[in-house]
Structures are given as structure tokens and as C-alpha cells.
Ligand code: GLN
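In this note's numbering, the protein residues as written are -15 to 468.
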């Protein structure tokens, strides 16, 4: 409907549109695309009411706050006061948050309109949005295919024009991979850039809120608003705000690294490999430095990621016990242990149960050294590697995903195949660096795919500037039409 938030706000100021009309439009879109199952809750009355208030504010001559009237959807793992938040799990069905996540509070403080909460994999565990108590979300380009996960609903909400930007969470790729599958932009900032206060924890040393948008500018604006230090999250970066206004505009020549092992990996779709190689060649011919960097750890990243995240999840999810909140078994029980067992077996889905068991196992006294401490060592090696790389390069370029969106059900019986789909994304979470998926390509099978860019810790500036360059000069197709 609008090419960017900036254009929308200009139209608001010129009077050619107003928030009520725009909210109504997005509500219609949500209704029209109900079959995609992207939303868990839609806040119709509330969004319209807020639109009325904002239209009045402009009439009074108030200057526009940064996200004035911007229509935003949030993943069902982010707390929004007095609204249901369930992590797409039966264990939290009906639970209403009693406070706002810091990111949500910051959106509201800048006059954004939150239109609804989005479907996702249960507790953000998944790569396809099929592990949800609300059922799968469908990809708007091809409804027989997954939108990616775990933030699939948030991605489809942007993809099918049901909101302007959306929030997801990215523990191992859950923003970048669905962005890749849906043909939109998805950023995971530096670990700690956005407060995790009010984000339901999956693996706390990996979790980060991320943003989906149609273009880099919208994502950048939203990031500027929600980033920043927070007394409620001691891991949030202690820098009061993120100032991207000085973003590199001039014709900078970038020093770009890529991993041969990644672009030649056996699991990578040939067309994706060719497309990325072509982009690298083009960048080189335009005067950027493009060099292969040795990376012999690729086959260890997925195992290390799943050992560490399941360990953290097994601890984080112990709070869902049916005593204080959430689902509680109605079956007669003999004692407290049976009460916990029944409650948790009824409330958690299969994937979540599997990960709690796996995480408990890798932390158990007999196996801790064999798995958990080994995986920590891999994490350390990766972090050291990244420090060395960014001494010489501005950015690393990688595929986002080894394939385009796969069929619904295709990988559900093969968890290893599903986990291996995260091969290119978990690296940024293991090391804490910022990463983005930029929608540059279209596959001959009709589906979009993106290019992943990674920069040094806290260097979102280069990440965004380079992404803009890619979108302007290297995007190989025009917008794929979703029936808006
Ligand atoms: N697919 C990964 C997992 O299942 C990533 C999930 C995420 O980033 N939340 O763990």
C-alpha cells in the first residue's frame, strides 16, 4: 500500500490519508488472508481507537512521533500488557501478560499501532512454523509451502501486506530464515541490542528480538526505536541508544569475506549457490574487495547450537509448572511430582518436550563434559574466528538458508533434516553478531530467497548501509506479487 513508513507518514501529513482509513485497510487484509493463519489475535477495536486518537493529535498540530500510525504486529512470545501471550503453546493458553516488554513499550511510546499477535513455533522452537498449537502458518506465495520459522506468522504478516513491520525473535535464525522464505527483509541485531525483558525465554544467551519489513529503511527506523539499554535486562548493551543517522552514505568500497565451505556446501541448492557467486563477482567487479576465508567449523555449528540451546531451554522452561500460571492438569494426581509430569506432558507439544529432554540430558552429570562443555568450546572457537575475520573485513556474506521454502510436512518426520536447515543462521547467534537477510533473488521454482550479511558486533550501521546498497543495485527481481 505504501512503499515505506516515510512515504506513509508524508501522506498522513499532507492529509491524503489518515490512520483510521489505513488501520481499516490492514484489518481487511488480515480478514482476507485468514487462511494463511498468520495471526493469533487481532486487536480490531483497540487499533481503530488508537487511530482515532492519532488522527486527532495531528489535527491539533502535534508533531509526529517516530512511529506515528505505523501498523505493527508482534510475535506471540513478546509480552503486551493485558493481551494474551502464549508462545503458541497450550501450556500458556489464555494467559494475559501483566506488563509490556521493553520493546513493546518503546513502540507504543512512539505512537505505533499494534494490530495483533502472530503465530509461531511453540516457544520459538522450529524452522517451519509447523510446531504451533494454532496449526501451521502458510507461505503467501505458495500455500503448500512453509513460511519458515519460528517467526513464520510475523513474516507472513509483512509478506501479505497485513502490517507494515513486525517483531519476531531470533535464537538461531527465526527472523532471517522466514524473511528468506517469504521474500522480505529480516534483521537480527547484535545480541543485547534490544532488551529481552518481556521476551519469553527460549535460550537466553542466544535470544534476540528481530524485525521484519518490506525494505531496509523501515527496519532501521523500528530498530532505532526499540534498541537501547534497559535496567530490566542486564545483558542489554549499555549504550543509551542506537544512532543510525550518520549511516554511511558515500560510495564506500566494502571488504567482504565469504566462506567457500558455505557456498560450496553439499546441502546448498545449486541455484542459490550460483546466484550468490554471481553477486560476489559483481561486487568484485565494482571495486569491493571480495575474498574467501577458510571456515572449517561449518559442520559443528548446528550440533553446538542444538546442544547449548536445548540446555538453556530445559532450564528456562522449568518455570511452566502449572502452579503459578498457565495450564494445570485436571486429572487426579497422587503427589506433586505426578502433578508436574501430567501438567507439563499435557501442556507442552512434542518438539518442546523433546528439547527439554535433550537439554536435561546434555547437562546431566555423566554427559556434561561429552556434550555441553564441548559445545561451549565450539562456541568459543567461533567467537575467536569472528574476531579475526572482522579485523580484516567489514562484512561476511552467506546464504540465509540452503533451500527455498519447503513443502508443509516435508521435514516433520526428519528432525535432523529440519535442524540442518539452520546451518547458515545459527553462526550469528552463537557469536552474538548482527545479521540480516536481504531479499535479492527469485528461484526458478518461483520462490524468493535472500542473501545473508553479517557484520561485527554492534556494527548495525555497516550492516544496514551495505544492505541498502544490495537492495538498490543487486536485487535481481521486482517485487513478487502477493495478491494484496
Ligand atoms: N530453528 C531454530 C530452532 O529451532 C531457530 C529458532 C529460533 O531462532 N527461535 O532452534
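Each residue gets a CB set at the ideal place from its N, CA and C atoms; glycine is no exception.
Please read these numbers as outputs of a predicted model, since none were measured by experiment.
Residue i vs residue j beta-carbon contact at 9 Å
{"i": "residue 170", "j": "residue 161", "result": "yes"}
{"i": "residue 163", "j": "residue 383", "result": "no"}
{"i": "residue 39", "j": "residue 4", "result": "yes"}
{"i": "residue 101", "j": "residue 58", "result": "yes"}
{"i": "residue 217", "j": "residue 415", "result": "no"}
{"i": "residue 279", "j": "residue 243", "result": "yes"}
{"i": "residue 392", "j": "residue 114", "result": "yes"}
{"i": "residue 91", "j": "residue 210", "result": "yes"}
{"i": "residue 273", "j": "residue 441", "result": "no"}
{"i": "residue 182", "j": "residue 83", "result": "yes"}
{"i": "residue 253", "j": "residue 388", "result": "yes"}
{"i": "residue 258", "j": "residue 433", "result": "no"}
{"i": "residue 353", "j": "residue 328", "result": "no"}
{"i": "residue 295", "j": "residue 366", "result": "no"}
{"i": "residue 110", "j": "residue 335", "result": "yes"}
{"i": "residue 496", "j": "residue 48", "result": "Residue 496 lies beyond the range of the chain shown here (-15 to 468); nothing can be said about it."}
{"i": "residue 310", "j": "residue 453", "result": "no"}
{"i": "residue 381", "j": "residue 435", "result": "yes"}
Cα-Cα separation between residue i and residue j, rounded to whole angstroms
{"i": "residue 202", "j": "residue 105", "result": "25 Å"}
{"i": "residue 423", "j": "residue 197", "result": "11 Å"}
{"i": "residue 99", "j": "residue 140", "result": "14 Å"}
{"i": "residue 390", "j": "residue 124", "result": "13 Å"}
{"i": "residue 418", "j": "residue 459", "result": "21 Å"}
{"i": "residue 411", "j": "residue 156", "result": "8 Å"}
{"i": "residue 350", "j": "residue 342", "result": "14 Å"}
{"i": "residue 425", "j": "residue -12", "result": "20 Å"}
{"i": "residue 108", "j": "residue 271", "result": "41 Å"}
{"i": "residue 119", "j": "residue 396", "result": "13 Å"}
{"i": "residue 276", "j": "residue 455", "result": "23 Å"}
{"i": "residue 146", "j": "residue 14", "result": "5 Å"}
{"i": "residue 369", "j": "residue 282", "result": "12 Å"}
{"i": "residue 320", "j": "residue 363", "result": "38 Å"}
{"i": "residue 355", "j": "residue 344", "result": "11 Å"}
{"i": "residue 187", "j": "residue 42", "result": "42 Å"}
{"i": "residue -5", "j": "residue 53", "result": "11 Å"}
{"i": "residue 323", "j": "residue 340", "result": "17 Å"}
{"i": "residue 148", "j": "residue 25", "result": "17 Å"}
{"i": "residue 51", "j": "residue -3", "result": "13 Å"}
{"i": "residue 266", "j": "residue 127", "result": "34 Å"}
{"i": "residue 420", "j": "residue 317", "result": "49 Å"}
Beta-carbon proximity list for residue i, same chain, < 8 Å, skipping 5 on both sides
{"i": "residue 450", "result": "238, 378, 379, 437, 439"}
{"i": "residue 228", "result": "204, 207, 208, 444, 445, 448"}
{"i": "residue 78", "result": "68, 70"}
{"i": "residue 199", "result": "-13, -12, 169, 455"}
{"i": "residue 222", "result": "213"}
{"i": "residue 23", "result": "14, 57, 100, 101, 102, 103, 137, 141, 146"}
{"i": "residue 18", "result": "none"}
{"i": "residue 226", "result": "177, 207, 208, 211, 212, 444"}
Neighbourhood of residue i by C-beta, 6 Å cutoff - its chain only, sequence neighbours within 5 removed
{"i": "residue 292", "result": "359"}
{"i": "residue 142", "result": "150, 168, 196"}
{"i": "residue 135", "result": "59, 104, 152, 158, 159, 162"}
{"i": "residue 31", "result": "7, 97, 99"}
{"i": "residue 2", "result": "39"}
{"i": "residue 180", "result": "191, 217"}
Residue(s) in a DSSP beta bridge with residue i
{"i": "residue 170", "result": "196, 421"}
{"i": "residue 439", "result": "379"}
{"i": "residue 26", "result": "100"}
{"i": "residue 153", "result": "193"}
{"i": "residue 126", "result": "123"}
{"i": "residue 273", "result": "239"}
{"i": "residue 433", "result": "425"}
{"i": "residue 183", "result": "62"}
{"i": "residue 211", "result": "178"}
{"i": "residue 391", "result": "129"}
{"i": "residue 80", "result": "68"}
{"i": "residue 57", "result": "100, 150"}
Residue i burial status per 10 Å Cβ neighbour count (16 or more: buried)
{"i": "residue 400", "result": "exposed"}
{"i": "residue 461", "result": "exposed"}
{"i": "residue 325", "result": "exposed"}
{"i": "residue 333", "result": "buried"}
{"i": "residue 250", "result": "exposed"}
{"i": "residue 297", "result": "buried"}
{"i": "residue 430", "result": "exposed"}
{"i": "residue 36", "result": "exposed"}
{"i": "residue 177", "result": "buried"}
{"i": "residue 61", "result": "buried"}
{"i": "residue -1", "result": "exposed"}
{"i": "residue 303", "result": "exposed"}
Own chain, CB closer than 7 Å to residue i, minus 5 neighbours either side, in chain order
{"i": "residue 376", "result": "239"}
{"i": "residue 261", "result": "247"}
Below-9 Å beta-carbon distance, residue i vs any chain D residue
{"i": "residue 216", "result": "The chain labelled as chain D is not found in the depicted structure, where only one protein chain is given."}
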